[in-house]
Structures are given as structure tokens and as C-alpha cells.
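Residue 11 is where the sequence shown starts when you use the working numbering, and the numbers rise one by one after that.
Comments concern the structure below.
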Amino acid sequence: MTRNYKIAPSILSADFARLGDEIRRVEAAGADLIHFDVMDGHFVPNLSIGIPVLKSVRAITRLPLDAHLMIEHPERYLKPFVEAGADSLSVHVEVCADLPAVAAAIHALGARAAIAINPETPPDRVLAAAPHFDMILVMSVHPGFGGQSFIPDSLARLRLIRADLDRRGLALDLQVDGGIKADNIAEVARAGANVFVSGSGIFGHPDYAAIIRRMRQQATA
Ligand code: DX5
Ligand code: ZN
């Protein structure tokens, strides 16, 4: 199956003192998207970056900005994130009561809508709401921190979700986030993922172009 494969460096693992330079380097190295992790210290036990940083990042890259909102009450922040320059917003199913409404609100702002799901959350609500979204984000670690190990059960979850989408003729992007490296990306692609977030796997490597090229080759092999 030929899919549109995308490599999305997560800037959570970048050097924040040199963030503009890090983003320019992954852009020059062939990244397809910039994955932007937002944490509120409630939905996840960590804090990260938010709207002012996204606005500054928007000014220095042409790449689509993919904001992963690991926050409670995400509906309160959709507009400020899109106004700051986000091209897609991922909200977590665990904190959204009305999935079609949140997808419609994101689309009304002109952005792409994604629904994110944690490792322990049953996928039924995500699958039921899939026609409203452009992408499903499967967390392959417990969200909150970069540099964790890929949870092997995620492969079965990706397969199940991709099979269900295919059965219904839904061509959503399927994004995987957490512990993705050059040595497991092929397996993850075979399980049905086509958008690969990688933080430590890219920013922890000395040569961004070489590692992104290798990841792309492995994913499409
Ligand atoms: C984790 C974040 C991820 C994180 C991935 O909560 O959502 O995007 O940056 O980092 P790695 O690739 O190092 O697991
Ligand atoms: Zn993320």
C-alpha cells in the first residue's frame, strides 16, 4: 500500500536555547512537519511550551506546525493556537466529551483536526468519530516526556485502527508518537502508521539529514 509518509520532528527534544536554529536545521534536513508538544501539568505531569513560542516558531519556518495539545479543556485554546499559526491541532479523546463538535470547531478555524489517544484508552470513541477528523494520533508512550521507550502493544492498536479505517474507506492520516526511532519505524509503518513523530530519535542524533533520510527509507521499505 502506498501511503503519504511524513516525518515530524518533536521539538520537545530540541535545544530550546537555540530553537530557531534547530527548526531551520530539521527543515533543511527534510522534515515534513514540526510537532509541537503542549503540556499543562494537569492532563500530563509536565509543563512545556505554548502559544507565544508557537507564534515565534511560525515566523521562522514554512513547515506545517502540528500542535499536540496534552491539556485539559482544549476547546478553550483552539482559537489562540490557530491564530498563533498552528496548521493542525490534536486534542485528546480522554478530555473531549463531544468529538464531532471539537472537530467542527477546529475546521471552522481553518486548521486540520486530529484526535489523540493514550495507550490505555479503548479506541471505540475515536473510531466512531473518525469521519470528523483528518488524523488519528496514537500515543506509543504515556504522554508527558520525551525519550521514553516505545510500548510494543501500540503495534496492535495501530493495526486495529488502520484496519477499521480501511474497512470503512476512510483515508485518515495515522500518526504515531513516542519512542519512534530509525530501528522501529519500519514495523510501525507496516502496522499502518504514516505520520511519524520523533523527538529524541532525531534531535538526539548528530546528523539530522542522515537520520531523517534513514527514517524515511525504513518507513517506505
Ligand atoms: C510525549 C510527546 C512526544 C515526545 C516524543 O508526551 O507527545 O511528542 O516529544 O518524544 P520521543 O520521540 O523522544 O519519544
Ligand atoms: Zn507529541
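All C-beta atoms, glycine included, are put in the ideal place defined by N, C-alpha and C.
*Are there 16 or more other CB atoms within 10 angstroms of the CB of Arg-167, so buried, or fewer, so exposed?*
buried
_Comparing C-alpha positions only, which one of His-215, Ile-171, Ala-118 and Ala-219 sits nearest to Ala-199?_
Ile-171
*Taking the beta strand (DSSP E) that Ala-121 falls in, what are its first and last residues?*
Unbroken run through Ala-121: none, as it is neither H nor E.
*Roughly how many angstroms lie between the CA atoms of Val-54 and Pro-84, to the nearest whole one?*
13 Å
*Among Ile-81, Val-186 and Ala-140, which has the Cα closest to the Cα of Val-148?*
Val-186
*Going along the chain, which unbroken runs of the beta strand (DSSP E) with 3 or more residues stay wholly within the region 34 to 114?*
44 to 49, 75 to 80 and 98 to 102
*Are the CB atoms of Met-49 and Leu-43 nearer to each other than 8 Å?*
no
_On the criterion of 16 or more Cβ atoms from any shown chain inside 10 Å, does Asp-76 qualify as buried, or is it exposed?_
buried
_Ile-21, buried or exposed, once every other Cβ within 10 Å from all chains shown has been counted against 16_ = buried
*Report the three-state DSSP secondary structure of Asp-174 (helix, strand or coil).*
helix
*Listed in chain order, which residues are found with a beta carbon closer than 6 Å to a heavy atom of ligand 2?*
Ser-20, His-45, Asp-47, His-78, Asp-187 and Val-207
*Across which residues does DSSP place Gln-185 in a beta bridge pair?*
Leu-147 and Val-205
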